[in-house]
Structure formats: C-alpha cells, structure tokens
Amino acid sequence: MRVRHLQSHLHDEKLIYQGKLEALQGQRLGIDAVHWLRSIQALKDPFADALGGVPPGIFGVVDKELEGFRRLQITPVFIFQGMTPGPKHSMFVNRMDQQMMDAWALLASGHNSEAQKFFAVSTSRINGDFVYFIFQHMRYRGCEVLQAPYFAGTQLVHFAEGGVVQAVFGPPGLLLFGLSKAIINIDFQNVVFDWIDLERILDKWNMTREQFVDACMLAGTEYCLTFPYLQVDQVMRFNFDVAVNVAKQAPLLQWMHTFPTEDMKADHVEGYCVCKLLIQSSPVYHVKANAVRPFSSSGPVPSDYPAVLGALLPSSLYFLIVSGMLSAKLPQALAKGEWLDKSQPLVDTQEYRQLLSDLTEYRQRALGLIARHLPSYFRSKRILCKAFWEHLQNRRSCDAGRARRYLQPDKMQDVGVDVW
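37 is the number that UniProt numbering gives to position 37 of the sequence shown; each next residue is one higher, with no gaps.
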C-alpha cells in the first residue's frame, strides 16, 4: 500500500538504514515483485512509454538481477499482486497525468532533455502485460513465484510471520500490516541494501503502532484521501510530519467529526473505513490451513467485507490464481461485480473508447467459461463495466446521464467449450 511521502520523510528523518547484503546470505527473501521491478534502475527507460513499448532487453536485465541473488546465495520468493480493489480516488493518478501532458508538450516543442525528465517521473513500465511476462519468465528460470490471492503486501507479512521467509523486500507501507522490519532497496553493484525498522520509527516519533497507522491514513493512500486540514497551498510541500503530530493529538476516529461539510465527510470517511479494513483483514493464503481467509483471525469479519473485496470464491479458483495459471482479472470481476479498465492509453481517442465497448461479447465469453463451474450466484451476476475515464470520477456524478454497461456471464454458459 502506497503512503503519501512516507519514504521521503523517513529519509529526511534518517530512519533508513543500510546493511551489507552478506547479512542475507542463506536466507529466503520474500519480495513484492512489482516494487522490486520498479526499483531496478536499468528498467527505467524514460522514453519507453512514449515509444509505445517496454524497455529493451528487459529479460536480460531481470536475469542479471536474479544472478545477483544466486551469487550471494539468497533465495528470492517473488509475490505478485492478486485481486485488489480499485483506488477510490485519483490522488496518485492525476499528478502523473499532468506530468505526462507536460512531457508531450515539451517533446513537441523540441525540448527533448526536459521532456525526458517528465517522462521519467510520470510513466510506469509495470503494467499488466509486463508483469505477466516477468511472472512467466521467472517461473521458466526456476524461481519461486506466487500470485497472492489478494494483496502482495499482506501475503508477504503472513509468510514472514509463519517463517516461510526470513526477510521481506517491499515498499515502506508494509509496516502498516505490522511487519517489524522491511528492506526497501537492494543495490547489487555496491552489495548493500536499505532497510527500515518499525520500532525505531515509533521510538523516534514517540508514538504507538496505532498512531503510526492513523498518521499514514491521514497522509493519504490509494484508498483514502489526505486529511483536508493537512493540505497546503501549491507553493509549500506537503509535510508528513504534520500527519504524525495530528495522529498523536487524537485518534483518527475523533478527527472524522471535524469535516466542514457533509460531502467532504462522505468522501473521506468511506475511504478511511476501507483502508482500515484492508490493513486489518485483507485475505491471504494461510500456509498451515491451506486456505484463503482474512489476514488477522482476531475478531469478527466486518459486515461490509464483501462490499469492499467481493464474494468469497471457491478454493479451486484461488488455487488457479495463486499458481499463476489464471489472471486475477476475471475472478475479481466475478467476485466484486465490477470490471475496471484502469489502463489509460498514451493517446486517448474516441476509437479506443469504442473498442472497449466492442469487447463486451469476448469478455462475457471469458467470464462464462469460469462462471459455469461456480455456484449459480456467480453465473447470474451482472458485472458493471467502468473504463479509465469513469471509475475514478466522483461517484455521486459519474453515472449521471450515462447509460451503464454490464456483462452477464450467464449469457455465455452454453459456448460448447470446456477448458477445465
């Protein structure tokens, strides 16, 4: 889970430590695969998206990193993201969209050097196709790879608690799930790694773990907006330290009564509730039980659990997801009742938007092939389609005056093909 300015604040506070990679020799290292890919500098070709492709030599770059693990006798266990609810807002997306527009404008005016800088910070080469290729490539190379049923972060924390892995590599947001230490960067060239320690953070900031979680949520994640009274003007930079001080003054629940308008309260409170639920109860594959169930077994599961994560799927379907035999896209649509086209093209056109609508029959056929093996509830489920220009809009206005698009798996039950 991404937390606004958490890593930069930890750096400013000198709470990021460095260790020798020799310390990890002989250990099993759980790795958030997407975070790891984003950390590889050689994959960060700033013009890759502008050229309409992925960085050249991607498999060679990945193989070189894998060789680094083998050379130091570190066993990497790569965990890929599974079914995750879409973001409830566009806080992280809008900023990248504006940077992308600025990059194209600079390139068109001949300012290639400046354009390259904007492309470098606004683009992400880690799209769905890229991740799929890397997953299959690493499996071919004999690596231990697993697609988490839901969030990669909570799956890694569960593996660490169960002794499946001895260390975890991922984003600082892993600390939200109770992980005591996390490796956030690996540098094979200098044979060092950067790591953070939750206890040291809490000690320096003089706060409890619950207050730390509240501070991160107040700062903002992809599931909850930044607390409005922490927003500053365009000249001043957002300061994470303010979120820390606010969280120490009173619990998050108490701050929820301070919004100036009901609309603002509605926009924020739901996000905070969803974020808290995901932190406390995200489902993971439990090793000992050989089943998918909430990360924390203490206390009852919240009543709005299905509204956030969707319906519980059969164990056989989870097995196909975890093994990587089935993309999480189709099961998530069946569980949640939503099909989200989150990927935005480099050039948005009416023809591209029409293409998404033209894919309805193909998608219904794919969903029907899976739903025919599930309980009737899934076969008769209507699945709402939302494209990238729809699902991040304000929910009170996104459907105003617009006909909704639905997929119906039951229409494609009798396709005459059985792939299982």
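Quick reminder that beta carbons are idealized off the backbone N, C-alpha and C, glycines included.
Test item: CB-CB of residue i and residue j under 8 Å
i	j	result
V168	A182	yes
T226	R4	yes
G82	A328	yes
F240	T154	no
A247	L278	no
A33	I79	yes
L146	V322	yes
K276	G86	no
Q185	S39	Looking at the sequence shown, residue 185 is not Gln but Asn. In contact: N185 and S39 (Cβ atoms closer than 8 Å).
V274	P149	no
V287	V164	yes
C385	L369	no
Q350	P409	no
V77	R141	no
H137	V61	no
V192	Q18	yes
L66	C143	yes
G271	C224	yes
G30	F159	yes
Which of helix, strand or coil DSSP assigns to residue i
i	result
V168	strand
D12	helix
K20	strand
N190	coil
P375	coil
D32	strand
V3	strand
M256	coil
F212	helix
D304	coil
I40	coil
Y150	coil
G271	helix
N245	helix
D102	helix
A328	coil
H137	helix
L312	coil
For residue i, the nearest candidate out of the options (CA to CA)
i	options	result
K381	W389, L367, K64	L367
Q25	I16, L37, Q166	Q166
A335	R405, Y305, C143	Y305
L340	G162, E390, V192, S315	E390
T221	L176, E262, I383, A103	L176
P302	V287, A289, S281, V322	S281
N190	Y272, L72, Q344	L72
E22	H35, R70, A42, G60	R70
W205	T360, Q136, N245, R379	N245
F133	F59, E65, G142, G162	F59
S68	G110, S113, A160, D187	With the sequence shown as reference, residue 68 is identified as Gly, and Ser is not the correct amino acid for it. The shortest Cα separation from G68 among G110, S113, A160, D187 belongs to D187.
L309	F130, C216, P331, L374	P331
A307	A333, L37, K14, A250	A333
Y318	D267, L374, D203	L374
Residues sharing a beta bridge with residue i, DSSP
i	result
C224	DSSP lists no partner for C224.
C385	W339, R405
E144	V77
I183	F169, W195
R293	V284
Own chain, CB closer than 6 Å to residue i, minus 5 neighbours either side, in chain order
i	result
M256	V269
S376	none
R395	Any answer about R395 is weak, because its pLDDT of 46 lies below 50 and its placement is not dependable; what the coordinates show is given next. Excluding sequence neighbours, R395 sits near nothing in its chain.
L174	G153, A182
Q7	P172
Contacting residues, own chain, Cβ-Cβ under 8 Å from residue i (five flanking each side not counted)
i	result
V242	L230
L10	I16, P172, I196, I201
D12	none
Own chain, CB closer than 7 Å to residue i, minus 5 neighbours either side, in chain order
i	result
F388	D341, K342, S343, Q344
R404	L384
K64	none
K20	V191, V192
M264	P228
Residue-level contact to chain B via CB, residue i, 8 Å cutoff
i	result
F378	In the displayed structure, chain B is absent; only one protein chain is listed.
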